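Numbering (this note's numbering), first residue to last: 256 to 733.
By construction, the Cβ of each residue, glycine as well, lies at the ideal position given by its N, Cα and C atoms.
Please read all numbers here as calculations on a predicted model, not as lab measurements.
Structure first, commentary second.
Written as structure tokens, this is what we have:
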């Protein structure tokens, strides 16, 4: 009886939303996307540092610990303690058990809403899951503790997948907020030069289960190479002097004039030498045995900066100009960015490490929890207590940057509103029956009500279970 009831309920939901357009376009014409209109070059504080030099150096040290260090107690995939924690979460639970649980969770849905579909809108068959499970080879014993032989590095930009397949996995596309682009197997991206730890390979060796600085998942084996002490020593020796961050997408062409990949915004590389108009940086390249070699390439000084870049409104605006308007990429799909990836790439040049998902990003600075406030109280608190360009606002499933208070340009009252920079798929209605798609990185005021569509749920809405401010100019409170 309960199954029939659930099925009937689902049909009711689908019937209701099918009468409504599940996808609409949010009109952005009234919202100025010129960064200079909000971060004005003639402002008195435009070139002033928002944090101290010593604070940035401390943040930069934390960044190094995640992406370059091999010290046992640090947080890199080359660090023993970090790897061991990822391999064995507790005495009764390890990484192989986690993989089994995730696979079975998709293969055995608990209700109709959890049935999973492919790109052809058809449910996946039991055979599809059986083939993937066989390729995962989870029954094959592996060493569940750190080994120096597992150290690796990304020699290509890689998509991190929950399961070893490029096939997408969607929930019912007839339900608002499901279907494309929300591929539930797409975790994140790993960029060229990021450290990795290889746990195991798939049976066909096409895929490797890896530990990255921000995630654990499956990547294409062809995009990684193994590293040894000699490689790491050279890599770290250069990185300890200086690291360069990409602020505008660039091609990586080595000294032999060979294309080695794309440097996406927020990618970082050890700096070998500074020339008049370029930076010579190190990149990893795989030899025929899939061991990593070090090559050099040049990045234009207009597309990269030495870290940590001084955290001023001018420099934030410079990076925003290179990123604004780019398309939304769920889980870094197509190597585009979603909300948390956007924040991560934005703050990397300043040496501020941010985790990959919004939940963990909410712990990256001093956090103020406003969950129990009313919608109006949430708005007033942000207007009064937001730190310009340094406050992340977290709501369930989303995160954005508060950039300051401005007179509402679309209101005759010109009341003060909080302005945000964010990468967002879309806004939902209070009835949760449709999405108004924005689909990229934008400057958007946080309004109690949007005149273009008055039934959209405000970012402040107290119906949202979380509303938290994260001050990135302060360290997290332990």
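Asked                                                                                                              : Found
Whether residue 723 touches residue 624 by CB criterion (7 Å)                                                      : yes
DSSP beta-bridge partners of residue 456                                                                           : 463
Closest by C-alpha distance to residue 710, when choosing among 420, 683, 720 and 699                              : 683
Paired residues, beta bridge with residue 681 - DSSP                                                               : 692
Distance between beta carbons of residue 598 and residue 647, contact taken as under 8 Å                           : 6 Å
Alpha-carbon spacing of residue 354 relative to residue 464, whole angstroms                                       : 10 Å
Local conformation of residue 257 per DSSP, three classes                                                          : In this prediction, residue 257 scores a pLDDT of 43, lower than 50, which makes its location untrustworthy; no coordinate-derived value is stated.
Minimum length 4: unbroken alpha helix (DSSP H) runs contained in the stretch 629–675                              : 630–640
Proximity of residue 452 and residue 521 at Cβ, strictly below 7 Å                                                 : no
Buried versus exposed, by CB contacts within 10 Å (16 or more), residue 424                                        : buried
Length of the line joining the Cα atoms of residue 600 and residue 338                                             : 24 Å
Inter-residue Cα distance where the pair is residue 551 and residue 534                                            : 10 Å
Separation of residue 412 from residue 517, as counted between CA atoms                                            : 8 Å
DSSP three-state assignment for residue 501, whether helix, strand or coil                                         : strand
Counted within 10 angstroms of its Cβ, other Cβ atoms place residue 359 as buried (16 or more) or exposed          : exposed
Sub-7 Å separation of residue 482 and residue 527 beta-carbons                                                     : no
Contact with chain B by residue 330, beta-carbon distance below 7 Å                                                : Absence of chain B from the displayed structure is noted, only one protein chain being present.
Distance between residue 429 and residue 508 (C-alpha atoms, nearest Å)                                            : 45 Å
Buried or exposed (CB count within 10 angstroms, at least 16 for buried), residue 322                              : buried
CA-to-CA distance, residue 427 to residue 266, given in whole angstroms                                            : Residue placement at residue 266 is flagged as unreliable, the pLDDT there being 40, under the threshold of 50; a coordinate-derived value is accordingly withheld.
From 326, 415, 386 and 473, residue whose alpha carbon lies closest to that of residue 401                         : 326
Contact belief for residue 693 with residue 283 at Cβ below 8 Å, rounded distance in angstroms                     : 7 Å
Distance between residue 703 and residue 716 (C-alpha atoms, nearest Å)                                            : 8 Å
Assigned secondary structure, residue 371 (DSSP; H/G/I helix, E/B strand, else coil)                               : coil
C-alpha distance - residue 471 paired with residue 733, whole-angstrom precision                                   : 25 Å
Inter-stretch contact (C-beta, 8 Å, three-pair minimum) for the stretch 636–647 and the stretch 615–622            : yes
Any alpha helix (DSSP H) of 4 or more consecutive residues that is wholly inside the stretch 526–592               : 568–578
Whether residue 343 touches residue 349 by CB criterion (7 Å)                                                      : yes
Integer Cβ distance of residue 565 from residue 532, believed to fall under 8 Å                                    : The Cβ separation is near 20 Å, so there is no contact.
Residues sharing a beta bridge with residue 441, DSSP                                                              : 416
Distance CB(residue 658)-CB(residue 676) smaller than 7 Å                                                          : yes
N-terminal and C-terminal residue of the beta strand (DSSP E) that residue 622 is part of                          : 621–624
Environment of residue 273 [buried if 16+ CB atoms lie within 10 Å]                                                : In this prediction, residue 273 scores a pLDDT of 43, lower than 50, which makes its location untrustworthy; no coordinate-derived value is stated.
Outcome for residue 263 when other beta-carbon atoms lying within 10 angstroms are tallied against a minimum of 16 : Low per-residue confidence applies at residue 263: pLDDT is 42, beneath 50, and the placement is therefore not dependable, though the value from the model is reported in the following sentence. Exposed, since its Cβ has fewer than 16 Cβ neighbours within 10 Å.
Rounded straight-line distance, which links the Cα of residue 574 to that of residue 491                           : 26 Å
Any beta strand (DSSP E) of 3 or more consecutive residues that is wholly inside the stretch 272–341               : 278–280
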